[in-house]
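Participant:
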Amino acid sequence: MNFFTLLQMGFPFITSLTDSLFNAGLLILGNSAIMHTFRYYQPPAGKFWITLVLAAVFAFLLALAAHLLLPVIIRGDPAYNSLLNRTFGIRTGFAILMVGMMVVLNILWNLLNRQGEAAERAQETLALAREAELFKLRQQLQPHFLFNSLNSINALVGSQPKEARKMIEQLSTFLRATINRKDGELVPLAEEMEQINRYLEIEKLRFGHRLQTEIHINENCTEAALPPLLLQPIVENAIKFGLYDTIGEVTIRLNSNCQNGFLTIEVTNPFDPGTSPARRGTGFGLSAVQRRLYLIFGRQDLLRSEALNNLFTTTINIPQHYVQGNNN
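Numbered continuously in this note's numbering, the sequence shown closes out at residue 1200.
Okay, structure coming up:
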């Protein structure tokens, strides 16, 4: 019973304190037993009532233990023993109520924990699936580039061995930089542009003077972050649709700007609508880039392309607030 209630009824301080501490100790012991039980056992769905019945039996045993042990601990007080006998039903009901609450709370607590663990496992599974798809996309892009580069090297070996060796060195440096790159990582634009310049050196060895480039990087954008190797398939796409149907010089332009929380990159290439009206630069390369952007940022509107006045422009917007949020 309540410590202050016993005092008001005229029982000694020691008797009141002993009764309260003993009952509180039994409830704490009971709660520990319940927590330990539900750590390894969860009642099956539809049989929750069995758990409540067992909890009621357990509460009755706790009340019975108090009823039997308290007279042994508190001796020589007939009034207290009489009170124990009269209030046994009340004590039992209180014990059932308290144990029932502890059982329900423990079940809810474990249920929430399990739901949280299940959600965490689902997120991990989703992340692994996303990484696997990103890896697959990158693996699909690399063989196409390697095939073209090796064909060019093969063509140069006999006629221009010096240029072939230079191209092999450039290709080796380019590929070395791609190893161990993860799509979850973001790199500064300056670092990404170093890789693009390596790629362009390889392509200039392939196409010679026909390939010209104009690159303008805003000074405020050099530390802006983006997924690694994101620009290479876009530049490759621009070269493909800019040079393959012409015999003259073609200029590929790349511009960057940072505003409104976005890193914006534009890649522009000329095209001849008379020789390639159907090829609007929306092949696998751009589709793969758009898919990567969606998997990383969860948005479908970060890449757009348009053909106007014989110029094809691909624009990418990289959210920088996402980058800052991940770094915090």
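Note that CB positions come from ideal geometry on N, CA and C, so glycine has one too. Treat the numbers as computed from the prediction; the structure is a model and nothing was measured.
#1: Hey, could you find the ends of the alpha helix (DSSP H) leucine 1115 is sitting in?
#2: Which two residues bound the contiguous alpha helix (DSSP H) that contains histidine 1088?
#3: Compute the Euclidean distance between the alpha carbons of arginine 1048 and leucine 1103, then round it to the nearest angstrom.
#4: Just to confirm my understanding: we take phenylalanine 966, look at its own chain, exclude 5 residues before and 5 after, and list those with CB closer than 6 Å. What are they?
#5: Bridge partners of asparagine 1129, per DSSP?
#6: Distance check for leucine 1175 and threonine 1140, CA to CA, integer angstroms please.
#7: Could you spell out the range, first to last residue, of the alpha helix (DSSP H) harbouring threonine 923?
#8: Would you identify the three-state DSSP class for arginine 1171, choosing helix, strand or coil?
#9: Mind checking which residues open and close the alpha helix (DSSP H) that includes proline 1033?
#10: What would DSSP say about glutamate 1066, mapped onto helix, strand or coil?
#11: What is the rounded straight-line gap between the Cα of isoleucine 1219 and the Cα of threonine 890?
#12: Mind checking which residues open and close the beta strand (DSSP E) that includes leucine 1183?
#13: Using a Cβ-Cβ cut-off of 7 Å (strictly less than) and excluding sequence neighbours within five positions of phenylalanine 883, which residues of its own chain qualify?
#14: Have a look at the DSSP bridge pairing and note the partners of threonine 1123.
#15: Using the Cβ count rule (16 or more neighbours within 10 Å means buried), how would you classify arginine 1078?
#16: If you count every other CB in all the chains shown that lies within 10 Å of the CB of glutamine 1067, and 16 or more means buried, which is it?
#17: Suppose the cutoff is 8 Å on Cβ atoms and the five residues either side in sequence are ignored; what does the same chain contact list for cysteine 1093 look like?
#18: In angstroms with no decimal places, state the Cα-to-Cα distance between leucine 956 and methionine 973.
#19: Would asparagine 978 be called buried (16 or more neighbouring beta carbons within 10 Å of its own) or exposed?
Facilitator: From the atom records:
#1: Looking at the DSSP string, the run of the alpha helix (DSSP H) that includes leucine 1115 is 1104-1115.
#2: Looking at the DSSP string, histidine 1088 is not in any alpha helix (DSSP H); the run it does join, the beta strand (DSSP E), is 1083-1088.
#3: Going by the C-alpha atoms only, they are around 17 Å apart.
#4: none
#5: Per DSSP, Thr1136.
#6: 14 Å
#7: 920-945
#8: coil
#9: 1033-1050
#10: helix
#11: Nothing in the structure corresponds to residue 1219, since the chain is present only between 873 and 1200.
#12: 1183-1191
#13: If you ignore the 5 residues before and after phenylalanine 883, its C-beta comes within less than 7 Å of the C-beta of Tyr952, all in its own chain and listed in chain order.
#14: Gln1084
#15: buried
#16: buried
#17: Leu1061, Ser1128, Asn1129, Cys1130 and Leu1135
#18: 24 Å
#19: buried
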